[in-house]
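Novice: Basically this note's numbering = 1-based index in the sequence shown + 5.
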Amino acid sequence: MPDTPTRKLRSAEWFGPADKNGFMYRSWMKNQGIPDHEFDGRPIIGICNTWSELTPCNAHFRKIAEHVKRGISEANGFPVEFPVFSNGESNLRPTAMLTRNLASMDVEEAIRGNPIDAVVLLTGCDKTTPALLMGAASCDIPAIVVTGGPMLNGKLEGRDIGSGTAVWQLHESMKAGEIDLHQFLSAEAGMSRSAGTCNTMGTASTMACMAEALGASLPHNAAIPAVDARRYVLAQMSGMRAVEMAREGLTLSKILTRDAFENAIRVNAAIGGSTNAVIHLKAIAGRIGVALALEDWTRFGRGTPTLVDLMPSGRFLMEEFYYAGGLPAVLRRLGEHGLLPHPGALTVNGRSLWDNVREAPSFNDEVIRPLDRPLVADGGMCILRGNLAPRGAVLKPSAASPELLRHRGRAVVFENLEHYKARIVDESLEIDASSVMVMKNCGPKGYPGMAEVGNMGLPPKLLRQGVKDMVRISDARMSGTAYGTVVLHVAPEAADGGPLAAVQDGDWIELDCEAGRLHLDIDDAELAARLEAIAGRAAPATGGGYQRLYVDHVLQADEGCDFDFLVGCRGAAVPRHSH
Ligand code: FES
Ligand code: MG
C-alpha cells in the first residue's frame, strides 16, 4: 500500500473499519465510481468551493477546483469537493457581510461532520476569504487558501479602469456634470471583462494578500490573475501540498499565530489594504484563539510606508502588481528594512515567511515602490477614539486627503441610508466643503449587516463646485475599492446605544488622525441627556429568520462582527456515528 500515513487520520474513523459502519460510509461513496483501492487510508482532502453564478467573482471556481483535484490525486490524496454558501459582494442584499458568519458556520460544520483530513479553501470575493478561514480555524485542521485571482485590468476608451473605483469616480463625474449617462454606462462591460475578483486593492485583493501574509497560502497566491495559466499551476501545487499537510498534521493553529497576525497588519499598511481587513482579521483571530486589539493596528501598522501603488489609493491594478513581483516582492522589501515583525513565522509550505521571499524579485519600482519613495509615508490604518467612538473607529489615510486628516467642522446628520439619499440631492441643504457628513444606523445591528455605505457620495451642488472630498463619519463599512476621508466602523454603533446616535445637525466635530481622536464637541451632561432621550428608540427592526439570529448575536465592529457564540476554536474531534 503506497504512502501509508504515519498519523491517524480523521477519515479513517469513517472509511477504515471493516464493519457495518465502514460498509455504509464506503458504499454510498462508491456510487460516484470510486474504486475499492482508493479507500486505502490515503488522506481525504476537502475542496471547499464557493462557486456560484450569483457570485461572479467566483464563477470560474469549478475549473480551479479541477486543478486542485489534479494536485491532490498526484500526491495520492483523495479529493472531495463540496459547496458552501457563496457570499457574492455584488448581488447580495442588504449586504454580503450579513451572511459572512452564516457561511463560516456552514464551513465549520461541513468540515467537522465529514471525513476530511485537510481542506483547500477556494476563496475569492470579499467575504468568502474570511468566512472560510473563520470556519476552518474553528476546526483547526490543516487548511490552505487558494484564491480565484483578480480580473484583468478594466478598460475604458483605451485607459485602465479599476473595479469599483471606476464606479465611484465616474458616478461623481456624472453628478458634477462632466460626463453623461451614456458615457457612465459605457464603462460597464469594460470594467469587468474577465473572470476573477476586483482588480483594485479592494477587499478581495486585500484579503488574498492577508491570507498570503498570514502564511495560509502558497507564495504568489494573492496576485496571479484569474485567467493566467499560472493560477491553475498554483491551484495544482496547493492541492499537492494539502495532502502533505494532512500527513504532517500542519493545522491552522500552527500557522495563524499571534506573530502571523502582526505580520499581516504590517503588510496591510504596505499594500494600502482595505479597512475591512480590520474586522475580518479580528474575526479570524478570534476563531483560532489569538487576541487582537484595535490598538495592534496602531502598534504594527502606523509608520509603515505604503509601497504598493494600486487603486484606490494609487495608480495601478492587480495585473501590474503580479507582473511587478506580487506580494513576495513587497514582503522582501519590508524584511530587508527590518519591517517584517516576524520573518520566521511558519507558512503552509512548511517554510518560514522569510525563506519564501528572501530572493523574491521586483520588476517595477513604480508599482512596488522602494522604501525611500513610498506612495504614502505612513499608510497604517488610523484608529480613532473619543466620546463619539468610545470603542473605536477606523480611517484609511492612504485613501484620504492629507489636509482633512485634522479637521473641525459642523455636522450634517443623516438618520439612515434612505435619509441620506433623500437629503443629499436637496439643493437647499445647508452644507459646504467644511461640513462633516454623519450617517447613523448602518452598523452591524442597525442595517443590519454593516453595509458598505460609509463613503457617502458628496452633495451634487458641491461636486459641481469642484469639491473632491469631505469628512464623513458613520458606523458603516466602506468598499475596499472606495476612497475619501471617511471615518468608519464607529463603535458602539448608533443602533446599539452608541453616542453617534446623539449627533445633531450643527454640532461641531473634531477629527485628529495624528492624535487618534474623534470628538463631538458637546459636554458630557448634554451627551448623556441626549442619549437618555433616545434610549430604546433605536432598537433595530427585524423580522425573524437568520436576520433575527444576526441582530441578537452579532458583536460590534471592534470585536470583528462575529457572533458571540461562534468565537473560539472548537476543534475537529470526530462526532459520534450517524447510524
Ligand atoms: Fe467580488 Fe469585488 S465584488 S471581489
Ligand atoms: Mg468590495
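Glycine is no exception: its CB is placed at the ideal position from the N, C-alpha and C atoms.
Please read all numbers here as calculations on a predicted model, not as lab measurements.
Please determine whether the Cβ atom of residue 209 lies at a distance below 7 Å from any heavy atom of the ligand FES.
Specialist: On the sequence shown, position 204 is the one that residue 209 refers to. Because some heavy atom of the ligand FES lies under 7 Å away, the Cβ of residue 209 counts as near it: yes.
Novice: Going by C-alpha to C-alpha distance, which of 160, 162, 192 sits closest to residue 175?
Specialist: Sequence index remark: in the sequence shown, residue 175 carries index 170 (1-based). Residue 175 has its Cα closest to that of 192, out of 160, 162, 192.
Novice: When you compare each of 550, 570, 405 to residue 493 by their alpha carbons, which one comes out closest?
Specialist: By one-based count along the sequence shown, residue 493 stands at place 488. When each option's Cα is compared against that of residue 493, the closest is 405.
Novice: Could you check whether the region 474–492 touches the region 279–288, counting it as contact only if at least three pairs of C-beta atoms, one from each stretch, sit closer than 8 Å?
Specialist: Cβ pair count under 8 Å is three or more, so yes.
Novice: By the three-class DSSP mapping on this structure, what secondary structure does residue 298 have?
Specialist: In the sequence shown, counting from the first residue as 1, residue 298 sits at position 293. Coil, per DSSP.
Novice: For the region 403–455, list the beta strand (DSSP E) runs that are entirely contained and at least 3 residues long, ordered along the chain.
Specialist: Counting only runs of 3 or more, we get 411–419, 441–444.
Novice: Within this structure, are the beta carbons of residue 323 and residue 76 separated by less than 8 Å?
Specialist: Translated into positions along the sequence shown, residue 323 becomes position 318. Translated into positions along the sequence shown, residue 76 becomes position 71. No; because the gap between Cβ atoms is not below 8 Å, this pair is not in contact.
Novice: According to DSSP, is residue 85 helix, strand or coil?
Specialist: Taking the sequence shown and counting its residues from 1, the one referred to as residue 85 is at position 80. Residue 85: strand per DSSP, three-state reduction.
Novice: For residue 143, which residues in the same chain have their Cβ closer than 6 Å to its Cβ, ignoring the five residues on either side in sequence?
Specialist: By 1-based counting over the sequence shown, the position of residue 143 is 138. Here the set comprises 113, 292, 574, 575.
Novice: Which whole-angstrom value describes the C-beta separation of residue 286 and residue 266, a residue pair presumed to lie in contact below a C-beta threshold of 8 Å?
Specialist: As a working mapping, residue 286 is identified with position 281 in the sequence shown. As a working mapping, residue 266 is identified with position 261 in the sequence shown. So it is a contact: roughly 6 Å between Cβ atoms.
Novice: Once DSSP output is grouped into helix, strand and coil, what is the label at residue 10?
Specialist: Along the sequence shown, one-based indexing puts residue 10 at 5. Note that residue 10 scores 48 on pLDDT, short of 50, meaning its location in the model is unreliable and no value can be drawn from it.
Novice: Please classify residue 342: is it buried, with 16 or more other beta-carbons within 10 angstroms of its beta-carbon, or exposed?
Specialist: As a position in the sequence shown, residue 342 is number 337, starting the count at 1. Exposed: under 16 other Cβ atoms inside 10 Å.
Novice: I'd like to check one pair, residue 476 with residue 463: are the Cβ atoms closer than 8 Å?
Specialist: Indexing the sequence shown from 1 puts residue 463 at position 458. Indexing the sequence shown from 1 puts residue 476 at position 471. Going by C-beta atoms, residue 463 is not nearer than 8 Å to residue 476.
Novice: Do you know offhand how far residue 580's Cα is from residue 553's?
Specialist: Translated into the one-based positions of the sequence shown, residue 580 becomes position 575. Translated into the one-based positions of the sequence shown, residue 553 becomes position 548. Cα-Cα distance, rounded: 29 Å.
Novice: Could you check what DSSP says for residue 146 in three-state terms: helix, strand or coil?
Specialist: The residue labelled residue 146 in the question sits at position 141 within the sequence shown. Correct three-state label for residue 146: coil.
Novice: Which whole-angstrom value is the C-beta distance of residue 454 and residue 99, which I expect to be below 8 Å?
Specialist: Taking the sequence shown and counting its residues from 1, one reaches residue 454 at position 449. Taking the sequence shown and counting its residues from 1, one reaches residue 99 at position 94. Between residue 99 and residue 454 the Cβ distance is about 6 Å, and since that is below 8 Å, they are a contact.
Novice: Would you check if there are 3 or more beta carbon pairs closer than 8 Å linking the region 352–372 to the region 248–259?
Specialist: Judged by Cβ distances under 8 Å, the region 352–372 makes contact with the region 248–259, as three or more pairs qualify.
Novice: Quick one: is the Cβ of residue 537 within less than 7 Å of any heavy atom of the ligand FES?
Specialist: Position 532 of the sequence shown, counted from the first residue, corresponds to residue 537. No, the beta carbon of residue 537 sits no closer than 7 Å to any heavy atom of the ligand FES.
Novice: Since residue 515 is in the beta strand (DSSP E), which residue starts that stretch and which ends it?
Specialist: Translated into the one-based positions of the sequence shown, residue 515 becomes position 510. Note, residue 515: beta strand (DSSP E), 513–517.
Novice: For residue 199, which residues of its own chain have a beta-carbon under 7 Å away from its beta-carbon, when the five flanking residues on both sides are left out?
Specialist: By 1-based counting over the sequence shown, the position of residue 199 is 194. 156, 157, 231, 232.
Novice: Whose C-alpha, out of 159, 468, 520, is nearest the C-alpha of residue 197?
Specialist: For the purposes of this step, residue 197 is identified with residue 192 of the sequence shown, where counting begins at 1. Comparing Cα positions, the closest option is 159.
Novice: Would you call the region 256–263 in contact with the region 308–328, where contact means no fewer than 3 C-beta pairs closer than 8 Å?
Specialist: As far as the Cβ criterion goes, the region 256–263 does not touch the region 308–328, which means the pair count is below three.
Novice: Which runs of the alpha helix (DSSP H) fall wholly inside the region 55–116 and span at least 4 residues, in chain order?
Specialist: Fully enclosed alpha helix (DSSP H) runs of 4 or longer: 66–79.
Novice: Buried or exposed for residue 186, please, with buried defined as at least 16 other CB atoms from any protein chain shown within 10 angstroms of its CB.
Specialist: Translated into positions along the sequence shown, residue 186 becomes position 181. Residue 186 should be labelled exposed.
Novice: Within the region 131–207, note down every full alpha helix (DSSP H) run reaching 4 residues or more, in order along the chain.
Specialist: Fully enclosed alpha helix (DSSP H) runs of 4 or longer: 133–144, 170–180, 186–190, 193–196.
Novice: Starting from residue 479, follow the beta strand (DSSP E) in both directions and report where the run begins and ends.
Specialist: Counting from one through the sequence shown, the residue named residue 479 turns up at place 474. It spans 476–479 - the beta strand (DSSP E) in which residue 479 sits, taken as one unbroken run.
Novice: Any heavy atom of the ligand FES closer than 7 Å to the CB of residue 62?
Specialist: Residue mapping note: residue 62 aligns to position 57 of the sequence shown, counting from 1. Within the cutoff, so yes.
Novice: Check whether the Cβ of residue 95 sits closer than 7 Å to any heavy atom of the ligand FES, and report yes or no.
Specialist: The residue labelled residue 95 in the question sits at position 90 within the sequence shown. Indeed, a heavy atom of the ligand FES lies less than 7 Å from the Cβ.
Novice: Pop quiz: residue 83 and residue 48 are said to be a contact at Cβ under 8 Å. What is the actual Cβ separation, rounded to whole angstroms?
Specialist: To locate residue 83, count along the sequence shown from 1; it is residue 78. To locate residue 48, count along the sequence shown from 1; it is residue 43. So it is a contact: roughly 7 Å between Cβ atoms.
Novice: Looking at the strands, I want to know which residues DSSP matches up with residue 492.
Specialist: Position 487 of the sequence shown holds residue 492. Beta-bridge pairing links residue 492 to 478.
Novice: Please name the residue or residues paired with residue 357 in a DSSP beta bridge.
Specialist: Taking the first residue of the sequence shown as 1, we reach residue 357 at position 352. DSSP output for residue 357 lists 351 as bridge partner(s).
Novice: Determine whether the beta carbon atoms of residue 62 and residue 153 lie at a separation below 8 Å.
Specialist: For the purposes of this step, residue 62 is taken as the residue at position 57 of the sequence shown. For the purposes of this step, residue 153 is taken as the residue at position 148 of the sequence shown. Cβ atoms of residue 62 and residue 153: closer than 8 Å.
Novice: Is residue 403 buried or exposed, if buried means 16 or more other CB atoms sit within 10 Å of its CB?
Specialist: The count along the sequence shown starts at 1 and reaches residue 403 at position 398. Residue 403 comes out buried.
Novice: Considering Cα atoms alone, identify which of 508, 180, 148, 195 is closest to residue 220.
Specialist: Residue numbering aside, residue 220 sits at position 215 when the sequence shown is read from its first letter. Residue 148 is the option with its Cα nearest to residue 220.
Novice: Of all the beta strand (DSSP E) runs that stay within the bounds of the region 209–275, which reach a length of 3 or more residues?
Specialist: Whole beta strand (DSSP E) segments, 3+ residues: zero.
Novice: Please state the DSSP three-state secondary structure of residue 303.
Specialist: Counting from 1 along the sequence shown, the entry for residue 303 is found at position 298. Note: residue 303 maps to helix in three-state DSSP.
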